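> One structure follows; several queries about it will come next.
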Amino acid sequence: MGARRVRPPNVLGVSCTAGPACRSPSGAAAAGNDVRRTEWRNFAWDSVLTLLRHLEDVESSGFTSLDEISGEYWTAAARTVSTALALTQQGVEFILKGLICRVSPLLLIATPVRDWPARAASENVAFADFKTVDALDLPKLHDSVITPPLPPSFVRTYEELRRQRNALLHTIDKRLSISAREVLIAVLETTHYLLGARSWLRLRGTSLDNSPEAVAFSPDFVEGLVIREALLSVTLLERREAEKFFGYDKKRRTYICPNCSLAYRHFADRYAESAQLQPNAPSSVRVWCFICEDTTIVRRVKCTNKDCKGNVIYEDEGWCLTCGRQQDDGAT
Ligand SMILES: [Zn+2]
Ligand SMILES: [Zn+2]
Numbered sequence: 003m004g005a006r007r008v009r010p011p012n013v014l015g016v017s018c019t020a021g022p023a024c025r026s027p028s029g030a031a032a033a034g035n036d037v038r039r040t041e042w043r044n045f046a047w048d049s050v051l052t053l054l055r056h057l058e059d060v061e062s063s064g065f066t067s068l069d070e071i072s073g074e075y076w077t078a079a080a081r082t083v084s085t086a087l088a089l090t091q092q093g094v095e096f097i098l099k100g101l102i103c104r105v106s107p108l109l110l111i112a113t114p115v116r117d118w119p120a121r122a123a124s125e126n127v128a129f130a131d132f133k134t135v136d137a138l139d140l141p142k143l144h145d146s147v148i149t150p151p152l153p154p155s156f157v158r159t160y161e162e163l164r165r166q167r168n169a170l171l172h173t174i175d176k177r178l179s180i181s182a183r184e185v186l187i188a189v190l191e192t193t194h195y196l197l198g199a200r201s202w203l204r205l206r207g208t209s210l211d212n213s214p215e216a217v218a219f220s221p222d223f224v225e226g227l228v229i230r231e232a233l234l235s236v237t238l239l240e241r242r243e244a245e246k247f248f249g250y251d252k253k254r255r256t257y258i259c260p261n262c263s264l265a266y267r268h269f270a271d272r273y274a275e276s277a278q279l280q281p282n283a284p285s286s287v288r289v290w291c292f293i294c295e296d297t298t299i300v301r302r303v304k305c306t307n308k309d310c311k312g313n314v315i316y317e318d319e320g321w322c323l324t325c326g327r328q329q330d331d332g333a334t
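Under our numbering, residues 3 to 334 are what the sequence shown spells out, in order.
What follows is the structure in structure tokens.
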């Protein structure tokens, strides 16, 4: 008899990206790689933000009142929102399965050996052919084998997401505008805990860099789109959520970010008002942007535009980060 070898399992219902070259469970776990685990939520985020962008465009066009179309709009968007919810939940399941998989893929098999496919004893069987652990049990399984445990707020979001997804699959109700927000929260919450605090905008930017839009248009377009999405999503978040997911305080004064504005003016003909004093003090000489995460050095002198009350001037270019005007006396 030859040397015993453990067969590399296929995980997450898909073959390992390494295919036959895969020789380890950790290689199989790579099936839930970064691209894949971000992708699901990217689609969800994309669908919901597109719906919200259209609504914002309607509002700014001034032709139609938002109140007039809002109900009908969200009813028409029901399928998109429910699909987005399902995708988000699917994405979170993949991440949780991927994490559990690193401990052992076998933990994910829900049935006793007697119920495994008979041919598993003699040949490689795709992981998808095994009955795997129910989505409902994944947080418990995670916490049983991995420390630290999932935070209670994450588990609540996860359960709420499942509940909403099920409700949406069976009914169309008037809470759909809330569900769009819930999709955003779910994407942000799960990314925050599973892939890194305040990491969503970076992941989203990377994903859009490889999107058809980036090929069709320009890098500026993609950058502008991320900025618009960030500014739009912040309006839907509560103060504590914006602070948690983006490090942005909705109650504090906001300034123009020179870095983001370069792309955003090209994209939306507006400045990106996404920077805040850091620290928040009258003598502070730095502003930090929650989107590009750049710090800009500023001078604290009064703007020369008499209609502007701002006193935060971009040191390098000499423009006011409140009104955007170039200062009369130049940069220094
Ligand atoms: Zn910025
Ligand atoms: Zn000014």
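Where a beta carbon is used, it is the ideal one built from N, C-alpha and C, also for glycine. Please read these numbers as outputs of a predicted model, since none were measured by experiment.
From the DSSP output, in three-state form, read off I315 for me.
The answer is strand: DSSP assigns I315 an E or B state.
> Do W202 and T208 count as a contact pair if the criterion is CB distance below 8 Å?
No; because the gap between Cβ atoms is not below 8 Å, this pair is not in contact.
> In the DSSP assignment, what residue or residues form a beta bridge with Y257?
Answer is A277, bridged to Y257.
> Residues around ligand 2, please: the ones whose beta-carbon is closer than 6 Å to some heavy atom of it, in chain order.
This criterion selects C305, N307, C310, G312, C322, T324, C325 and R327.
> Please state whether DSSP places C262 in a helix, a strand or coil.
DSSP places C262 in helix when its eight states are reduced to three.
> Using DSSP with H/G/I as helix, E/B as strand and the rest coil, what is T192?
Of the three classes helix, strand and coil, the one that applies to T192 here is helix, per DSSP.
> Does the structure place the segment 121–141 close enough to the segment 80–100 that three or more beta carbon pairs sit under 8 Å?
In short, these stretches touch, since the Cβ pair count reaches three.
> Quick check: is any heavy atom of ligand 1 less than 7 Å from the C-beta of I102?
Flag unset: Cβ of I102 not near ligand 1.
> Identify the residues that DSSP records as bridge partners of T297: which are they?
According to DSSP, T297 bridges with W290.
> Does the distance from the CB of T77 to the CB of S49 come in under 8 Å?
No, the Cβ-Cβ distance between T77 and S49 is not below 8 Å.
> Does the beta-carbon of F96 have 16 or more other beta-carbons within 10 angstroms, so that it is buried, or is it exposed?
Per the 10 Å Cβ criterion, buried.
> Expressed to the nearest angstrom, what Euclidean distance is found between the alpha-carbon atoms of L186 and A128?
C-alpha separation (whole angstroms): 33 Å.
> Quick check on C322: does DSSP put it in helix, strand or coil?
DSSP places C322 in strand when its eight states are reduced to three.
> State the DSSP-derived secondary structure class of Q329, mapped to helix, strand or coil.
Q329: coil per DSSP, three-state reduction.
> Starting from D222, trace the alpha helix (DSSP H) in both directions and tell me its first and last residue.
Run containing D222: P221 to L238, per the alpha helix (DSSP H) assignment.
> Am I right that R241 and K252 are in contact with their C-beta atoms under 8 Å? What's the rounded C-beta distance?
At roughly 5 Å, the Cβ-Cβ gap stays under 8 Å, so R241 and K252 are in contact.
> At which residues does the alpha helix (DSSP H) containing G93 begin and terminate?
Its alpha helix (DSSP H) spans residues A80 to V105.
> Quick one: give me the first and last residue of the alpha helix (DSSP H) that K142 is part of.
L140 to V147 is the extent of the alpha helix (DSSP H) around K142.
> Hey, quick one: how far does the alpha helix (DSSP H) through R204 stretch, first residue to last?
Run containing R204: W202 to D211, per the alpha helix (DSSP H) assignment.
> Could you check where the alpha helix (DSSP H) with A218 kicks off and where it finishes?
A218 -> alpha helix (DSSP H) spans P214 to A218.
> Sort G249, K311 and K142 by Cα distance to I293 and report the nearest one.
Of the candidates G249, K311 and K142, the one whose C-alpha sits nearest the C-alpha of I293 is G249.
> So what does DSSP say about T52, is it helix, strand or coil?
If DSSP states are grouped into helix, strand and coil, T52 belongs with the helices.
> Which value, in whole angstroms, describes the spacing of the CA atoms of E191 and R254?
Rounded to the nearest angstrom, the two C-alpha atoms are 23 Å apart.
> When the Cα of T237 is compared with those of E41, L54, W47 and N44, which residue comes out closest?
Comparing Cα positions, the closest option is L54.
> Can you give me the C-alpha to C-alpha distance between V105 and P141, rounded to a whole angstrom?
If I take the Cα positions, the gap works out to 14 Å.
> Can you have a look at L108 and say buried or exposed, based on whether 16 or more other CB atoms are within 10 angstroms of its CB?
With fewer than 16 Cβ atoms within 10 Å of its Cβ, L108 is classed as exposed.
> Does T159 come out as helix, strand or coil in the three-state DSSP assignment?
Helix at T159.
> Measuring CA to CA, which of P221, Y316, T297 and L101 is closest to L196?
Here the closest residue by C-alpha is L101.
> At the level of alpha carbons, what is the spacing between Q329 and C259?
Distance between the alpha carbons of Q329 and C259: 16 Å.
> So does D296 have its beta carbon nearer than 7 Å to some heavy atom of ligand 1?
The answer is yes for D296.
> Quick one: what's got a C-beta closer than 7 Å to D222's C-beta in the same chain, skipping five residues either side?
For D222, where only same-chain residues beyond five positions count, the Cβ hits under 7 Å are A265, H268 and F269.
> Using 7 Å as the cut-off, classify the Cβ of I258 as near or not near the heavy atoms of ligand 1, replying yes or no.
For ligand 1, not one heavy atom lies less than 7 Å from the Cβ of I258.
> Does ligand 3 have a heavy atom nearer than 7 Å to the CB of S235?
Among the ligands modelled here, namely ligand 1 and ligand 2, ligand 3 does not occur.
> Go ahead and pull the three-state DSSP assignment for A30.
Its pLDDT being 41, under 50, A30 is placed unreliably in this model, and the value from its coordinates should be taken loosely. Helix at A30.
> Would you mind stating whether R43 and V189 have Cβ atoms separated by less than 8 Å?
Yes, the Cβ-Cβ distance between R43 and V189 is below 8 Å.
> When you measure from the CB of A232 to every non-hydrogen atom of ligand 1, does any distance come out below 7 Å?
Outside the cutoff, so no.
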